[in-house]
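Following: one structure in structure tokens, then a few remarks.
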Amino acid sequence: RRHFNDRAVYTCDDGYQIVGLDQVVCNSDGMWSGSQPACKQGTTRSQSPYYCGEPKVIPNAKHNGSNEQLFYDLDTELTYSCFPGYKRKGFQEAQCFFYNGTARWFGPDLSCLPIDCGDPEDILNGKRIGECTTYRCQITYGCVPGFELVGKDTRYCQSDGTWTPNELPTCVPVQCGIPDHPANGQALFTAVAYKSVVSYKCKYGFMIVGDATRTCGEDKKWSGGEPECKEINCGSPGFLPNGWLEGSRTTLHAVVSFRCIDGMTFEGPSVRTTCTANGKWSHPVPKCYAPCIVPVVQMGKGSDVYIGDTLKHGENITVICDTNYELASNSTPIRCNNGTWTQIPKCEPARCKSLPSPPLNG
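Every letter in the sequence shown is one number past the one before it in UniProt numbering, and letter 78, counting from 1, is 78.
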């Protein structure tokens with residue numbers, strides 16, 4: 001007496017092969033599984049006129065026979081089916097026939113091709129990596145510079161021909177940190193996403209030192225460096241030879257006046273300068289030019305002036321030489337240039353203007 005799940009094993013005499021399953025199992029209904037095999041004469045394990053050997057193996061497919069069965073009776077029919085994720089192409093039936101003195105399988109003529117999930121969707125501001133679109137293939141999503149991925153970056157082609165996960169990832173602009181306000185100023189911005197711009201403004205009396213605007217980059221960092229708001233200070237206007245500056249303040253709206261020593265000639269656009277909001281003085285330092293002293297002229301004198309008199313910068317002196325003397329220079333005016341004459345006036349014996357007439361017959 002046999003019990004549930006007991007197993008019975010069949011064997012054949014020498015020169016015979018089991019055709020069918022060589023084992024059966026006692027089922028819960030008290031019946032043996034499968035059918036009783038037969039012992040048939042066989043010359044080899046793979047070829048016989050009485051039975052067929054193992055059926056053809058088709059990649060990515062299976063048949064409805066038992067994987068444990070090695071031999072099949074004549075006229076046995078098997079049906080092949082593709083694994084999940086593959087679609088059938090061709091004839092799927094196989095049958096054991098007696099042909100030309102031996103038993104052999106005819107069929108199947110079958111290919112199991114991977115199911116194609118089709119071209120997956122693109123995402124805005126994104127890119128797709130991977131060309132394969134059939135079963136078990138995967139594609140990866142990425143984003144263009146300045147954007148980052150939200151969601152799963154990989155999708156897989158499933159056996160039912162759909163991509164999973166169903167929900168697409170998205171590419172959102174990268175976000176830079178909230179910019180800090182500089183001391184004595186503020187940062188002005190409406191967004192902190194990629195390519196957003198922050199500008200800086202200082203309180204009255206202060207000016208930006210550094211980057212006045214910064215842009216959010218693809219690396220989630222603001223361009224440049226954080227600026228500072230420093231008190232506007234134009235610094236010293238400069239040095240005024242032959243004169244002096246009145247006013248010691250150099251901050252915004254400070255006024256400095258220019259003064260020349262008595263007798264000096266003032267030359268410049270303005271007698272004062274003001275510190276402006278851009279940290280620069282409104283006018284440059286002028287010039288205070290020194291006068292020239294009328295010199296002693298040997299064998300001559302200055303016209304309308306006396307020795308020791310002073311002439312202002314830029315004024316000319318006219319020299320009158322004594323009889324039979326003339327100026328030793330060319331016709332260039334003798335001019336006062338900041339305390340120095342452009343040339344030293346000098347009278348020298350006059351030269352004849354032309355040669356005398358030759359004597360008659362000479």
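Backbone N, C-alpha and C define an ideal beta-carbon position, used for all residues, glycine too.
Here the structure is a predicted model, which means the values were calculated and not measured.
- prompt: By Cβ distance below 8 Å, which residues in the same chain neighbour residue 183 in space, the five residues on each side in sequence not counted?
  reply: 228 and 229
query: For the 8 Å Cβ check, are there 3 or more pairs between the region 53 to 61 and the region 33 to 41?
result: Between the region 53 to 61 and the region 33 to 41 there are fewer than three C-beta pairs closer than 8 Å, too few to call the two in contact.
Nearest neighbour of residue 181, chosen from 77, 214 and 327 [CA to CA]: Comparing Cα positions, the closest option is 214.
- request: Use the C-beta contact count for residue 236: other C-beta atoms within 10 angstroms, 16 or more gives buried, fewer gives exposed.
  value: exposed
- prompt: What did DSSP end up calling residue 186 once you bin it into helix, strand or coil?
  reply: Look at residue 186 here: in three-state DSSP terms it is strand.
- prompt: When you compare only the Cα positions, how much space is there between residue 190 and residue 198?
  reply: 8 Å
message: Rounding to the nearest angstrom, what Cα-Cα distance links residue 71 and residue 54 in this structure?
response: 6 Å
- prompt: Do residue 141 and residue 157 have their C-beta atoms closer together than 8 Å?
  reply: no
- prompt: DSSP puts residue 258 in a beta bridge; with which residues?
  reply: 245
task: State the DSSP-derived secondary structure class of residue 35, mapped to helix, strand or coil.
output: coil
message: Helix, strand or coil, according to DSSP, for residue 234 in the structure here?
response: coil
Identity of the residues DSSP links to residue 81 by a beta bridge: 62
- request: Output the distance between the C-alpha atoms of residue 92 and residue 145, rounded to the nearest integer angstrom.
  value: 51 Å
message: Run through the DSSP bridge pairs and tell me what residue 174 is partnered with.
response: Answer by DSSP bridge pairing: none, since residue 174 is not bridged.
query: Closest to residue 345 by CA distance: which of 338, 121, 334 and 22 is it?
result: 334
Same chain, Cβ closer than 6 Å to residue 303, neighbours up to 5 away in sequence not counted: 318 and 320
message: Nearest by alpha-carbon distance to residue 105: which of 297, 48 and 206 is it?
response: Selected option, being the one with the closest Cα: 48.
task: Figure out for me which residue from 285, 13 and 68 has the closest Cα to the Cα of residue 21.
output: Checked all of 285, 13 and 68; the closest Cα to residue 21 is 68.
- prompt: Per DSSP, which one or two residues make a beta bridge with residue 41?
  reply: 16
message: For residue 225 and residue 150, what's the separation of their Cα atoms in angstroms?
response: 29 Å
- prompt: Does DSSP put residue 51 in a helix, in a strand, or in coil?
  reply: strand
message: Between residue 169 and chain B, is any beta-carbon pair separated by less than 8 Å?
response: Annotation note: the requested chain B is absent from the structure, which comprises a single protein chain.
- request: Pick out the complete beta strand (DSSP E) segments inside the region 301 to 329, 3 residues or longer, and give them in chain order.
  value: Taking 3 residues as the shortest admissible run, the region 301 to 329 contains the following complete beta strand (DSSP E) segments, listed from N- to C-terminal end: 319 to 321 and 325 to 327.
C-alpha gap between residue 99 and residue 78, whole angstroms: 18 Å
query: Considering only C-alpha positions, which residue in the set 24, 260, 203 and 169 is nearest to residue 270?
result: 260
message: In this structure, how does DSSP classify residue 337 when only helix, strand and coil are distinguished?
response: strand
task: Select from 23, 16 and 265 the residue whose C-alpha is nearest the C-alpha of residue 9.
output: 23 is the residue among 23, 16 and 265 whose C-alpha sits nearest the C-alpha of residue 9.
Pairwise C-alpha distance: residue 160 and residue 176: 42 Å
- prompt: Can residue 365 and residue 125 be called in contact, C-beta distance under 8 Å?
  reply: There is no way to answer for residue 365, as the model of the chain reaches only from 1 to 362.
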